[in-house]
Amino acid sequence: MKRLIYLSTCLFFVFQSVLAQTNNAILFTENGEKFQVILNGILQNATPETNVKMTGLNAPGYKARIQFADTKLGYVDFNMFFSEMGYEATWSIKQNKKGEYVVRGISAVPLAQAPPSAPSQTEVVYTNTAPAATNTTTTVQQTHTSTTHGNGDNVSINMGMDVGGQGGSISINASGMGTDPDQGMSSTTTTTTTHSVTTTTTSSGPGGTVVVADPPPPAQVVYVNGYTGRTGCPVPASPSDFNSMKETIRSKGFESTKLTIAKQILQNNCLTASQVREVLGLFDFENTKLEYAKFAYDHTYDVGNYYKVNDAFEFESSVDDLNNYISTR
72 MKRLIYLSTC LFFVFQSVLA QTNNAILFTE NGEKFQVILN GILQNATPET NVKMTGLNAP
132 GYKARIQFAD TKLGYVDFNM FFSEMGYEAT WSIKQNKKGE YVVRGISAVP LAQAPPSAPS
192 QTEVVYTNTA PAATNTTTTV QQTHTSTTHG NGDNVSINMG MDVGGQGGSI SINASGMGTD
252 PDQGMSSTTT TTTTHSVTTT TTSSGPGGTV VVADPPPPAQ VVYVNGYTGR TGCPVPASPS
312 DFNSMKETIR SKGFESTKLT IAKQILQNNC LTASQVREVL GLFDFENTKL EYAKFAYDHT
372 YDVGNYYKVN DAFEFESSVD DLNNYISTR
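Just add 71 to the spot in the sequence shown (first one is 1) and you have our numbering.
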């Protein structure tokens, strides 16, 4: 009995440990617009939905795109970040006061406390493999021949069909159906129709496997022209979001408050090296700039371009200090 209790306890902690290594994400539109989710360039839900729950997310951050089914609405790019593993986070997709679509965090709870999925909620398991497309070609060919030569002659009807390489035929022969011995008629009609349909097979969680039309591949996004080096975070802030961040920092009167706000912003956002350099221009003191530059390194998309940040410093000693810090990362 004690051994059974011991094994049950071990299994419980193993299960909790596995849960702690992944996250769930719930995305929904407030006004019911249907959308698809693309994470790191990979489509997650095959069919557009208004509420999507993704499970098995094993990384702390993803570059995400919300692709609306109504092409007139376009798409929204945002950074999906998790402060800790083992949580279920919820984001809403809505329009701001300018009429632009934005993604805003709503809540985050431990997986053990997360409620079960709603019956109408689409649940997908995160995949980092692009769905494979399958081409199916169907050819249908029909031939009809009718011949009549007086009383007692034959009428013959033949039909052939070829579907996906599988052939088949139907033949009908009748005698004694002629009506006029002095008249004869012969006609042949052949119709061939070929359809080519591209489909993709994708898993939709516990519901099984669904075959749906293959969606267009997501557009390749270039965040820093010409940059092909290592990236420190998934998707840098858009120009409009970055301007909003700067205004928030600039609005604070004390240097220490500016630094605190700037660090808080980076907890859930990603910047380019050039954007980090612009933020440093908002600080007055060299030591504040150096502290922020060190903190921002792990939240920079094009870390290979981080040398651009050096231009924001007045003293060579600050540049040397920053480079020494980077060399230990």
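Don't be surprised by glycine CBs; every beta carbon is placed ideally from N, CA and C. In this text, all values refer to a predicted model and were calculated from it rather than measured experimentally.
Simplified DSSP assignment, three categories, for Phe366: Locating residue 366 in the sequence shown gives position 295, where the first residue counts as 1. In this structure, Phe366 counts as helix in the three-state DSSP scheme.
Using beta-carbon positions only, say whether Phe153 and Asn111 come within less than 8 Å of one another. Locating residue 153 in the sequence shown gives position 82, where the first residue counts as 1. Locating residue 111 in the sequence shown gives position 40, where the first residue counts as 1. A distance of 8 Å or more separates the beta carbons of Phe153 and Asn111.
Member of Ile109, Leu353, Gly303 and Pro305 whose CA lies at the smallest distance from the CA of Asn314: Numbered from its first residue, the sequence shown carries residue 314 at position 243. For Asn314, the closest of Ile109, Leu353, Gly303 and Pro305 by C-alpha to C-alpha distance is Leu353.
Considering only the beta carbon of each residue, do Tyr172 and Met125 sit closer than 8 Å? Here residue 172 corresponds to residue number 101 of the sequence shown, with the count starting at 1. Here residue 125 corresponds to residue number 54 of the sequence shown, with the count starting at 1. Contact: no.
Can you grab the Cα-Cα spacing for the pair Arg348 / Pro131, in whole Å? Counted from its first residue, the sequence shown places residue 348 at position 277. Counted from its first residue, the sequence shown places residue 131 at position 60. Distance between the alpha carbons of Arg348 and Pro131 is about 25 Å.
C-alpha distance - Val195 paired with Trp162, whole-angstrom precision: Position 124 of the sequence shown, counting from 1, holds the residue named residue 195. Position 91 of the sequence shown, counting from 1, holds the residue named residue 162. Roughly 16 Å between the two C-alpha positions.
Tell me whether Val306 sits in a helix, a strand or coil according to DSSP, three-state version. Walking along the sequence shown from the start, residue 306 turns up at place 235. Val306 falls in the coil class under three-state DSSP.
Residue of Ala96, Phe139, Gln184 and Phe149 minimising C-alpha distance to Thr118: Looking up residue 118 in the sequence shown gives position 47. Of Ala96, Phe139, Gln184 and Phe149, the residue nearest in Cα terms is Phe139.
Any idea what DSSP makes of Arg400, helix, strand or coil? Indexing the sequence shown from 1 puts residue 400 at position 329. Three-state DSSP puts Arg400 in coil, outside helix and strand.
Contact the region 386 to 398 vs the region 315 to 325: 3+ CB pairs below 8 Å: In short, these stretches do not touch, since the Cβ pair count stays below three.
Residue of Val350, Gln346 and Ala160 minimising C-alpha distance to Pro181: For the purposes of this step, residue 181 is taken as residue 110 along the sequence shown, with counting starting at 1. Answer by Cα proximity: Ala160.
To the nearest whole angstrom, what separates the beta carbons of Tyr363 and Ala333, a pair I think is in contact under 8 Å? On the sequence shown, residue 363 is found 292 positions in, with the first residue counted as 1. On the sequence shown, residue 333 is found 262 positions in, with the first residue counted as 1. Between Ala333 and Tyr363 the Cβ distance is about 6 Å, and since that is below 8 Å, they are a contact.
What number of angstroms, rounded off, separates the C-alpha of Asp312 from the C-alpha of Phe149? Position 241 of the sequence shown, counting from 1, holds the residue named residue 312. Position 78 of the sequence shown, counting from 1, holds the residue named residue 149. Approximately 10 Å, taken between the alpha carbons.
I'd like to know if Ser389 contacts chain C, where contact means its C-beta is closer than 8 Å to some C-beta of that chain. Looking for chain C here will not work: only one protein chain is present.
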